[in-house]
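A.B. asks:
Residue numbers (my numbering): 369 to 794.
As structure tokens, this is what we get:
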């Protein structure tokens, strides 16, 4: 029993020295053991001197109003605890920082920033050399509390990632509307309510627009912020662009262009606001008619119109013998809206000879799926364009069907030949 007790004391004291959280059993042991209680007091004093906040233990009553439930995190700037408000019964978060530490939580509270995507600040209290910010407690899911946790699980689907990112932007926009910059946007500072809804938290480095600011997280800081130059909203836009690149790992050409503009090192060329960023993201995701479909429709329309013209011409020229000159030459070049600059639809060489060639040349799937060649001779005209295109068929099938209709049948050819012979005898 004595050996077990000594081992437990040693383990508890090591955790106290490291500032780690104690379990409920360890906290009960500290209360019952004089030696460990003394070690806890020494550890608490050391942490207070170092400025990382008081080492409150689970079940401890603090500020005459709150009972500590758990320690959520601890760093060089302070600690965050989950606590129960004994007056209201509500669960809150207590952020403890040194009185001299840079924080704008009071600014947020005074500015009245209330938004579902921003962690709400209730009020602040003093506790000796520390300031305690009483904040909304954002409950995550079982295994996802922050965006960092979500990204650690693996690739996020693009649709889900963009939905989360729009929520982050909404929270940052609410702060910008109060002229408050976050300046430390990163996945670890984005809480996920129920593992889904983003909540921007930890405005510990926040400042007002136009101020020079040192600090932040490497990899997310804008170049001007790293140089401690005056910053504005574009510093947060830069960090948002980095977060977007982590959320959407396969953005595609159009979305990647938006990311590049948000993370441009030259501040004059960077997107100037969160609204611009969201607008371009929405524009990049609007559904477009695939180039292959547009190209096929253009091909069908041109060939159908040419065949209809051929029928009209044939009816006005009853003499048999040659079909040359029946089909007009056509060369159509059409740019497809919103297609890449090098994607052009060409419908070429609808010729006067016995061939009708339709070449659709665009990018990607067009090169693979829409290279159509249809051969035939036009004597019978196609029906109307509406009849041709309303059949629900692919462009190649429509072309083959219409060109078969244009071929003279063997019986009609025999009848035409017999008629010519009888006229010759007479």
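From the three backbone atoms N, C-alpha and C, an ideal C-beta is built for every residue, glycine too.
(1) Closest to residue 532 by C-alpha separation, out of 621, 405, 399 and 614, would be which residue?
(2) For the alpha helix (DSSP H) containing residue 446, name the first residue and the last one.
(3) Can you look up residue 431 in the DSSP assignment and give me helix, strand or coil?
(4) Could you give the C-beta distance for residue 554 and residue 585, rounded to a whole number, given that I count them as a contact under 8 Å?
(5) Is residue 614 helix, strand or coil by DSSP?
(6) How would you call residue 491, buried or exposed, if buried means at least 16 neighbouring beta carbons within 10 angstroms?
(7) Examine the Cβ distances between the region 539-555 and the region 597-608 and report whether three or more of them are shorter than 8 Å.
(8) Does the beta-carbon of residue 400 have 16 or more other beta-carbons within 10 angstroms, so that it is buried, or is it exposed?
(9) Would you give the residue range spanned by the alpha helix (DSSP H) that residue 652 belongs to?
(10) Return the CA-CA distance between residue 560 and residue 432, expressed in angstroms with no decimal places.
(11) Per the DSSP calculation, residue 438 is bridged to which residue(s)?
(12) Tell me whether the beta-carbon of residue 536 lies closer than 8 Å to the beta-carbon of residue 497.
(13) Compare the C-alpha of residue 512 against each of 442, 534, 558 and 495 and name the closest.
(14) Give me, in chain order, the residues of the same chain whose beta-carbon lies closer than 6 Å to that of residue 440; leave out the 5 immediate sequence neighbours on both sides.
(15) Considering residue 491, what are the terminal residues of the alpha helix (DSSP H) in which it resides?
(16) Can you tell me which of the three DSSP states residue 597 falls into?
(17) Using CA coordinates, which residue listed in 588, 424, 454 and 438 is at the minimum distance from residue 603?
(18) If you drop the 5 nearest sequence neighbours on each side, which residues of the same chain put their C-beta closer than 7 Å to that of residue 454?
(19) Compare the C-alpha of residue 574 against each of 548, 568 and 521 and name the closest.
(20) Label residue 394 either buried or exposed according to how many other C-beta atoms from any shown protein chain fall within 10 Å of its C-beta, with 16 as the threshold for buried.
C.D. replies: Per the coordinate set shown:
(1) 614
(2) Counting along the chain, residue 446 falls outside any alpha helix (DSSP H), though it belongs to the beta strand (DSSP E) covering 446-453.
(3) Annotated three-state conformation of residue 431 is coil, per DSSP.
(4) 5 Å
(5) Looking at residue 614 - three-state DSSP - the assignment turns out to be helix.
(6) Exposed, by the Cβ-count rule.
(7) As far as the Cβ criterion goes, the region 539-555 touches the region 597-608, which means the pair count is three or higher.
(8) exposed
(9) For residue 652, the enclosing alpha helix (DSSP H) stretches over residues 642-652.
(10) 30 Å
(11) 450
(12) no
(13) 558
(14) 448 and 450
(15) Here residue 491 belongs to no alpha helix (DSSP H); instead the beta strand (DSSP E) covers 489-495.
(16) coil
(17) Distance from the Cα of residue 603 is smallest, within the candidate group 588, 424, 454 and 438, for 588.
(18) 433, 434 and 435
(19) 548
(20) buried
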